[in-house]
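See below for the structure under consideration.
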Amino acid sequence: MVGELVASGNISDSGWEAAFRAVPRHLFVSRFYRGDANGSAVIDSGAGNEWLAAVYSDTHLVTTEDVRSSSTAPSLMASMLQALELTGNERVLEIGTGTGYNAALLSERLGADQVVSIDIDPGLIVEARERLEAAGYEPLVAVADGVNGYPVAGPYDAVIATCRLDYIPAAWLQQLRPGGVIVTPLGAGVAVLRKTGDGAEGEFLPNPAYFMPLRHQPEPTDIAELIQVALNGTGISRPHRFDTSMYRDDEARFWLDLTQPGVRLVTVDGVALAFRPDGSWARLVDGLVVQGGPGFVWDDVKAAHEGWLSAGRPSRERHRLRVSSAGQDVYLVDSSESRHRLEPLQG
Ligand SMILES: C[S@@+](CC[C@H](N)C(=O)[O-])C[C@H]1O[C@@H](n2cnc3c(N)ncnc32)[C@H](O)[C@@H]1O
């Protein structure tokens, strides 16, 4: 697997090549789940070659039955680790321990005493700690909510997250040394930011990235309830002529997630729905858009899409992000004019 990742150019740094060769992925992915319409099947060492071949392939593997954790595809892990631009002496905070595999790679490269890894799920932390010990690494792993960072073990030279965020948490910036780097899934991309003053600035990796969302404590909304409201609610309707298949375009999707965080587009029983955590919803049926809730989520989706088209359909690596106490601003790389600002989160 590592040989293929090197040959394809996904691993180009010799330090990371050595770390990937040294850490056995099978110790961390002792089982994974494969789902289809009939439910999910667990695949573990009992499945012999099928299990081993999947573990040593460039594949994302779901590692909990409730699909709350997974082992990221190794090529994407390598891109993110390389984007940290480590020299070998840095102290790193990882958000989203999951199986512990990424924490093991960081420990191999930096020494375990320079690695701190947190996950919100206590059961995962217990298992990850055991696996890390079995592989010969003892980084600090702890149960904590990633939005708060982990101040007691900081400051850090780098923060790497392996769950999807919409906003860069202020706590990460506070716990980062000057010039420190953040590599994190943000919407459907991976942002690579450098700390500058009190804020941070940077660009996006070219890789498409669809990570599991960071879970908030407590969970702010019940998704199943929102879907029912969007399917059955009475709202304001008008004709619509918007082709929802546009959102199969990966770059259009990237722009939507970046500028309209929290908006979800799903198809349930053949009906296209949009909703977001503030309770706004839209249903697209028979050439009509029906909208309800505190805002008009479909109008916002459409406006975002038109903004992306009028900018010439820019790809994710043509965007820059600047994070400050004023909010998150998105620019095109060749322009100093902010194309979109997300206000800072309150509280
Ligand atoms: C893609 S998995 C991480 C994969 C992991 N890095 C590995 O090498 O196996 C995402 C992880 O983020 C964790 N997570 C979700 N919300 C979180 C939060 N608020 N704080 C910390 N971890 C969180 C999940 O429990 C899940 O284990």
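Residue 348, in this note's numbering, is where the sequence shown stops; the numbers in between run on with no holes. We put the CB at the ideal spot given by N, CA and C, even for glycine.
In chain order, what residues of the same chain have a beta carbon less than 6 Å from the beta carbon of A42, not counting five sequence neighbours either side? R35
Host alpha helix (DSSP H) of F255 (start-end): 251-260
Under 7 Å: does the beta carbon of R32 sit that close to some heavy atom of ligand 1? no
Any heavy atom of ligand 1 inside 7 Å of the beta-carbon of M213? yes
Considering only heavy atoms of ligand 1, does any lie closer than 7 Å to the CB of D59? no
CA nearest to the CA of V24, picked from G49, R265, R32, V56: V56
Given this structure, state the Cα-to-Cα distance separating A162 from G280, to the nearest angstrom. 28 Å
Check each candidate in S31, R323, P75 and name the one with the smallest Cα separation from A20. P75
Cβ of N103 within 7 Å of any heavy atom in ligand 1? yes
Classify A312 as helix, strand or coil using the three-state DSSP reduction. coil
I need the DSSP call for A327, collapsed to helix, strand or coil. coil
Separation of V331 from E139, as counted between CA atoms: 39 Å
Under a three-way DSSP split, which group does G190 fall into? strand
Could you tell me if D45 is buried or exposed, where buried requires 16 or more neighbouring beta carbons within 10 angstroms of its beta carbon? exposed
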